[in-house]
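Inspection log for the structure reproduced underneath, given as structure tokens.
Protein chains in written order, with the numbering used here: chain A, 3 to 477; chain B, 3 to 477.
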């Protein structure tokens with residue numbers, strides 16, 4: 003089957019949803035009704051009772067008409083039998099949210115084996131077990147359990163273009179929540195749990211064919227490294243991955259959380275480099291980096307121009323850029339002369355210091371001079387925003403970046419709550435620190451270089467230098 | 003003179019304050035009146051006009067009675083003459099906020115030389131030039147120009163215990179602004195500019211004798227490295243320093259901003275280590291780290307226990323701790339047994355995984371078991387807050403940390419806006435990322451180790467290993 007049934011089912015049975023207090027599966031019926039999901043939603047429980055307006059049945063097999071997807075959240079022991087019934091009913095896909103399978107020892111593994119048999123026999127696909135399920139912001143399909151309608155903007159009120167494959171409910175919630183105050187939004191999100199059938203590679207493949215622009219991964223282990231690499235190589239969309247277990251202690255902690263072998267981190271790191279997967283340095287980058295891809299062109303070179311109206315940030319940005327392997331663009335005399343003509347600049351060399359007294363046109367002129375200069379590949383603007391005209395100038399900058407096909411990683415120095423307000427109110431893709439803005443330039447250039455290497459066919463040679471560590475330089 | 007005159011003057015003349023539109027010095031009169039500053043405030047301008055309720059005089063010398071401090075914000079050329087008049091008047095200290103001196107070439111240097119002569123002749127001290135001046139939250143004295151009364155909570159509505167020495171107005175504003183949503187607040191802040199007289203060392207010395215608990219530095223250059231080291235060695239309060247210019251490009255940018263030689267960064271780094279100055283990794287740490295000192299005991303060892311109710315964060319924290327040179331505390335069988343008795347924990351080994359269903363007492367019991375365990379030196383709790391009882395338990399944790407004399411670096415995984423709300427509303431010293439919480443443990447332990455070395459007298463030996471780089475381990 004195509005994985006589409008997991009994201010856009012015409013009909014779905016929520017197995018385990020009842021009116022018992024604190025019933026978790028019922029929260030799935032509730033959010034689907036609240037979001038007015040277009041497909042049919044059924045509740046399956048012993049009493050065959052209706053739940054949050056979803057008609058109830060004692061078994062999947064009792065449901066009249068087709069059931070495309072079954073979401074199962076009951077005690078582990080009952081799951082194999084239900085999966086068999088799903089097969090008999092002709093269900094296409096099952097999402098098993100219950101825990102207690104391979105991560106819980108031999109008995110759990112035996113139940114998993116039984117389920118695997120039914121999947122094969124009835125040609126069904128399975129997500130999970132031990133997962134939260136699926137969210138599709140585009141059609142408001144969501145089978146995450148425990149979501150309270152209306153709270154936290156639900157994490158998916160506005161559909162976006164970033165899709166996630168996440169091996170932890172907590173991280174998923176953090177990422178979706180963070181998008182409430184950001185300029186890019188989620189398209190689809192999947193909590194993959196134990197990956198006993200559908201794994202991260204299958205989903206990457208699927209996201210390569212839908213409206214997704216950026217793919218984000220949070221992994222605690224990789225089920226099949228070779229498959230992940232082969233899949234990633236076929237994908238041209240940016241794949242951003244954060245993986246736990248860089249140390250043996252972190253790895254051990256992850257293994258106790260989700261079932262799976264601890265993976266050798268160096269092997270994973272090399273695999274990422276070869277397959278063009280961008281490895282993230284912190285979980286916050288999972289939500290912070292995608293906007294660099296959705297709002298800006300890729301960074302095609304290493305020469306960055308910094309401009310600021312607070313002198314200190316020029317030096318701070320220069321340190322960060324150099325430490326990340328970039329160069330401070332050497333502005334030509336002609337460019338410097340053009341800059342000097344715009345007004346009372348403190349410094350026309352890079353970092354360009356605008357001084358305190360400027361109007362919108364001066365900002366726009368400086369952006370234009372820097373972006374149009376051949377010696378500049380990208381910008382790191384650090385405009386202190388104390389006037390509305392600066393906001394207006396930055397909005398023009400975004401269009402200019404598209405025009406010149408060069409990116410700007412914007413950082414607006416302010417207390418974090420004010421940064422969030424500016425970003426949310428004006429839709430400016432500002433980062434939350436100069437470090438984060440610098441990282442955005444790094445990941446943008448990594449993606450550019452990977453795509454270029456792909457085009458020139460050089461990536462075949464990668465296999466030869468598999469174990470050879472690259473220089474410390476980040477880009 | 004004692005530097006007290008800069009922070010608590012009985013009388014102050016604001017030279018340059020007038021009713022001309024956009025007059026910057028007038029904003030100083032305005033904020034002092036708005037804050038009902040207890041001392042006498044005079045305006046000095048050509049027309050001898052009153053400014054924002056401050057009586058006006060044509061010259062400092064015309065002011066009846068004593069003038070303890072003069073704040074000068076006029077064009078550079080006029081400054082030497084005014085400083086001479088201040089001397090003749092018997093003024094104790096001058097704060098020169100005007101720019102255009104040694105940072106502006108030979109002509110500026112000549113004016114600086116003239117000023118230096120008057121300072122010597124009249125036994126005055128000077129802050130600046132090219133600076134923003136001084137803020138004292140305890141008595142509401144503030145001579146920063148450009149502050150709009152009531153806006154942004156002024157950055158100093160609630161006096162605190164963290165004092166800053168900052169070589170950039172932009173960074174100063176960022177730090178003070180960030181404190182609006184944090185649990186610790188500013189005591190005093192000084193924008194030091196060119197440091198032609200009073201330098202960072204003089205101010206560190208001064209902050210060692212007032213109500214300051216933590217000293218923060220933002221430096222673009224060091225005027226006298228030997229003096230800084232000698233001063234820092236005498237201070238037992240934590241000194242946190244961020245310095246620009248780790249690369250030659252950053253260094254060059256800083257030199258164009260504030261007058262001063264670019265300093266060799268490796269020398270500075272070694273000096274910090276020897277003198278117990280804690281070097282910060284990002285400007286955000288300037289406001290994020292102090293709360294670890296003001297709200298928690300120092301970290302006396304390297305064995306950290308992690309506890310979370312979101313399994314993923316156990317692994318994330320373990321990776322970060324190990325990479326920072328800490329150990330995951332090995333919980334004894336007795337401790338594990340005590341933990342097991344508290345409830346349905348997913349994992350009683352470190353990282354302790356609490357699972358989803360817990361009440362306040364279970365949280366408190368786990369905190370108590372971990373803090374009282376000999377094998378644990380400190381905590382990194384990552385409690386997901388979806389119930390008020392968790393907040394209540396964390397508030398008890400803070401008292402328990404004091405009781406057991408062990409710190410906790412708390413991270414509450416949530417979108418950043420929710421973290422700010424929890425911190426502000428409940429006064430919980432939560433950090434904004436697991437990376438930041440880990441850094442807090444690092445800086446806390448650095449300070450502990452420095453103080454211990456001091457006590458045992460080992461620091462004399464430091465000079466012998468001056469050029470020897472330490473291991474990559476951060477603690």
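Every residue gets a Cβ at the ideal spot worked out from N, C-alpha and C, and that includes glycine.
Practice task
Would you verify that the beta carbon of residue 298 (chain A) is, or is not, closer than 8 Å to some beta carbon of chain B?
Solution key: no
Exercise for the section: Using the Cα positions of residue 226 (chain B) and residue 442 (chain B), report the straight-line distance between them to the nearest angstrom. Expected result: 29 Å
Exercise for the section: Whole angstroms is fine: what's the gap from residue 115 (chain B)'s alpha carbon to residue 98 (chain B)'s? Expected result: 14 Å
Problem - C-alpha distance - residue 177 (chain A) paired with residue 290 (chain B), whole-angstrom precision - result: 22 Å
Problem - Nearest-angstrom Cα separation, counted from residue 317 (chain A) out to residue 350 (chain A) - result: 14 Å
Handout entry: Cβ of residue 38 (chain A) within 8 Å of any chain B Cβ
Key = no
Handout entry: Length of the line joining the Cα atoms of residue 326 (chain B) and residue 282 (chain B)
Key = 14 Å
Exercise for the section: Pick out whichever of B:24, B:69, B:238 and B:18 has its Cα sitting closest to the Cα of residue 42 (chain B). Expected result: B:69
Practice task
In the DSSP assignment, find the unbroken alpha helix (DSSP H) run with residue 86 (chain A) in it and report its ends.
Solution key: 81 to 91
Practice task
Would you check whether the ligand PLP has a heavy atom nearer than 7 Å to the C-beta of residue 209 (chain A)?
Solution key: This structure does not include the ligand PLP; it has no bound ligands of any sort.
Exercise for the section: Please work out which residues of its chain come closer than 6 Å, Cβ to Cβ, to residue 143 (chain B), disregarding the five sequence neighbours upstream and downstream, and give them in chain order. Expected result: 39
Practice task
Give a yes or no on whether the C-beta atoms belonging to residue 386 (chain A) and residue 172 (chain B) are separated by under 8 Å.
Solution key: yes
Practice task
Using three-state DSSP, classify residue 261 (chain B) as helix, strand or coil.
Solution key: Note on residue 261 (chain B): pLDDT 49, under 50, position unreliable in the model; the coordinate value appears next. The answer is coil: DSSP assigns residue 261 (chain B) none of H, G, I, E or B.
Handout entry: The alpha helix (DSSP H) enclosing residue 206 (chain B), as first and last residue numbers
Key = 202 to 209
Practice task
Identify which residue in A:65, A:6, A:216 and A:409 has its Cα closest to the Cα of residue 374 (chain A).
Solution key: A:409
Problem - Where residue 115 (chain A) sits in the DSSP three-state scheme - result: helix
Practice task
Specify the secondary structure class of residue 227 (chain B) as computed by DSSP and reduced to three states.
Solution key: helix
Exercise for the section: Identify whether residue 246 (chain B) lies in helix, strand or coil by the three-state DSSP scheme. Expected result: coil
Handout entry: Enclosing alpha helix (DSSP H) for residue 171 (chain B) [first to last residue]
Key = 171 to 180
Handout entry: Inside the region 328 to 388 of chain B only - alpha helix (DSSP H) runs reaching at least 4 residues
Key = 335 to 342 and 362 to 374
Exercise for the section: Would you please verify whether the beta carbon of residue 435 (chain A) is less than 8 Å from any beta carbon of chain B? Expected result: yes
Handout entry: Cβ-based contacts, 9 Å cut-off: residues of the region 202 to 236 of chain A near chain B
Key = 220 and 222
Handout entry: Three-way DSSP call (helix, strand, coil) for residue 421 (chain B) in this model
Key = helix
Practice task
Tell me, please, which residues DSSP counts as bridged to residue 45 (chain A).
Solution key: A:16 and A:58
Practice task
Pull up the distance between the alpha-carbon of residue 249 (chain A) and that of residue 12 (chain A), whole angstroms please.
Solution key: 44 Å
Handout entry: Enclosing beta strand (DSSP E) for residue 165 (chain B) [first to last residue]
Key = 164 to 168
Practice task
Identify every residue that forms a DSSP beta bridge with residue 144 (chain B).
Solution key: B:137
Practice task
Quick one: measure Cβ to Cβ for residue 436 (chain A) and residue 295 (chain A), integer angstroms, because I've assumed they're closer than 8 Å.
Solution key: 20 Å between Cβ atoms; not a contact.
Exercise for the section: Quick one: grab the DSSP three-state call for residue 26 (chain A). Expected result: helix
Handout entry: Cα-Cα separation between residue 414 (chain A) and residue 90 (chain A), rounded to whole angstroms
Key = 58 Å
Handout entry: Residues, ordered as in the chain, of the region 397 to 423 of chain A that lie near chain B by beta-carbon distance below 8 Å
Key = 415, 416, 417, 418, 419, 420 and 422
Practice task
Output yes if chain B places a C-beta closer than 8 Å to the C-beta of residue 377 (chain A); else output no.
Solution key: no
Exercise for the section: Below 8 Å CB to CB, which residues in the same chain sit around residue 379 (chain B) once its five sequence neighbours on both sides are set aside? Expected result: 301, 302, 303, 304, 305, 306, 331 and 408
Handout entry: residue 100 (chain A) in three-state terms, based on DSSP
Key = coil
Problem - Extent of the continuous beta strand (DSSP E) run through residue 73 (chain B) - result: 71 to 74
Practice task
Return helix, strand or coil for residue 106 (chain A), following the three-state DSSP convention.
Solution key: helix
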